[in-house]
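**Student:** Okay, here's the structure, questions in a sec.
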Amino acid sequence: MTWIKGTLLLTLCAMVTACASSVSPPARYMLPSDSISSPATQPEGTLVVSDPRLAHYLDVDGIVMQLDDITLNAAREHQWAEGLDRQLERRMLANLSHALPTLRVMRAESEPTDALTLRLTIDQFQGRFDGVAVASGQWQLVDSAGELMVMENFHAETMLEADGYPALVRALSKSWDQAAETIASEISQGNYFY
Numbered sequence: 005m006t007w008i009k010g011t012l013l014l015t016l017c018a019m020v021t022a023c024a025s026s027v028s029p030p031a032r033y034m035l036p037s038d039s040i041s042s043p044a045t046q047p048e049g050t051l052v053v054s055d056p057r058l059a060h061y062l063d064v065d066g067i068v069m070q071l072d073d074i075t076l077n078a079a080r081e082h083q084w085a086e087g088l089d090r091q092l093e094r095r096m097l098a099n100l101s102h103a104l105p106t107l108r109v110m111r112a113e114s115e116p117t118d119a120l121t122l123r124l125t126i127d128q129f130q131g132r133f134d135g136v137a138v139a140s141g142q143w144q145l146v147d148s149a150g151e152l153m154v155m156e157n158f159h160a161e162t163m164l165e166a167d168g169y170p171a172l173v174r175a176l177s178k179s180w181d182q183a184a185e186t187i188a189s190e191i192s193q194g195n196y197f198y
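So for the sequence shown, my numbering puts the first residue at 5; every next one is plus one.
Dropping the structure here:
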């Protein structure tokens, strides 16, 4: 009888271990990193990009999906591999450096005294129930004295090419690239550095 109890206990332990080990970790995603290079020129000004401010619901590990007009869901099994704010900042720096080759574009670590600062607030960066990846928010350009020079909204949408989170991450990246193009174009047309 004790032999049967021992066997049952051993079988039960093996089943619990198998169930526990079958839980897989969540998939982790990064925005694609395209090799964006800018031509080497003598910079005519400096643009400092401050850390993007995310809406509170976006400052999470899970990739956000908008399920209908009012319901948002942060995925548990599909997460950002790194903080979303850092990924967005890095991609914005690369895009602006490419689009504004006459400017030295840098992070806000050590700001030169004559630099203009770009502030970003991200209100939306999510997939939507209708198959669209949305990036929207506001950007501000501030002079070295802290005076606001310009404040504009941005909004970009990209249709997903397929179902699934990998397609969503790629579409979100394209929407962010479109937002960067819009910001770069408006900065360039505004002649703030000349």
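Using N, Cα and C, we set each Cβ at its ideal position, and we do this for glycine too.
As the structure is a prediction and not an experimental result, all values here were calculated from the model.
1) Per DSSP, what kind of secondary structure is Ile74 in: helix, strand or coil?
2) Using DSSP bridges, identify the partner residues of His82.
3) How big is the Cα-Cα spacing for Gly49 and Val109?
4) Just to confirm the assignment, what range does the beta strand (DSSP E) spanning Ala160 have?
5) Contact check, Tyr33 vs Val173 under 8 Å by CB: the rounded distance?
6) What are the boundary residues of the alpha helix (DSSP H) that Pro194 is part of?
7) Just the C-alpha distance for Pro29 and Glu81, rounded to the nearest angstrom, thanks.
8) If you drop the 5 nearest sequence neighbours on each side, which residues of the same chain put their C-beta closer than 8 Å to that of Thr21?
9) Could you please give the first and the last residue of the uninterrupted alpha helix (DSSP H) stretch that includes Asp89?
10) Straight-line CA distance for Gln70 to Arg132?
11) What does the Cβ neighbour count give for Pro56, buried or exposed, with the cut at 16 atoms within 10 Å?
12) What would DSSP say about Ser25, mapped onto helix, strand or coil?
13) Using alpha carbons as the reference points, say which of Val136, Gln130 and Ala139 lies closest to Ala79.
14) Check each candidate in Leu104, Ala149, Thr75 and Trp84 and name the one with the smallest Cα separation from Gly66.
15) Quick one: Cα of Val136 to Cα of Ala98, how far?
16) Using the DSSP secondary-structure output, state which residues sit across from Ser199 in a beta bridge.
17) Could you tell me the alpha carbon to alpha carbon distance between Ala188 and Glu151, rounded to whole angstroms?
18) Using CA coordinates, which residue listed in Tyr169, Gln142 and Ser148 is at the minimum distance from Ala160?
**Tutor:** The answer reads as follows:
1) coil
2) Ala31
3) 9 Å
4) Leu152 to Met163
5) 5 Å
6) Just to set this straight, residue 194 is Gly in the shown sequence, not Pro. From DSSP, the alpha helix (DSSP H) with Gly194 extends over Tyr169 to Gly194.
7) 7 Å
8) Only weak support is given to the placement of Thr21: the predicted model assigns it a pLDDT of 49, under 50, and the question is left unresolved by the model.
9) Leu88 to Ala103
10) 5 Å
11) buried
12) Here Ser25 scores only 48 on pLDDT, less than 50, and its place in the model should not be relied on; the value that follows carries that caveat. In this structure, Ser25 counts as helix in the three-state DSSP scheme.
13) Gln130
14) Trp84
15) 24 Å
16) What the structure shows of the chain is the stretch from 5 to 198, and residue 199 is not part of that stretch, so it cannot be assessed.
17) 20 Å
18) Gln142
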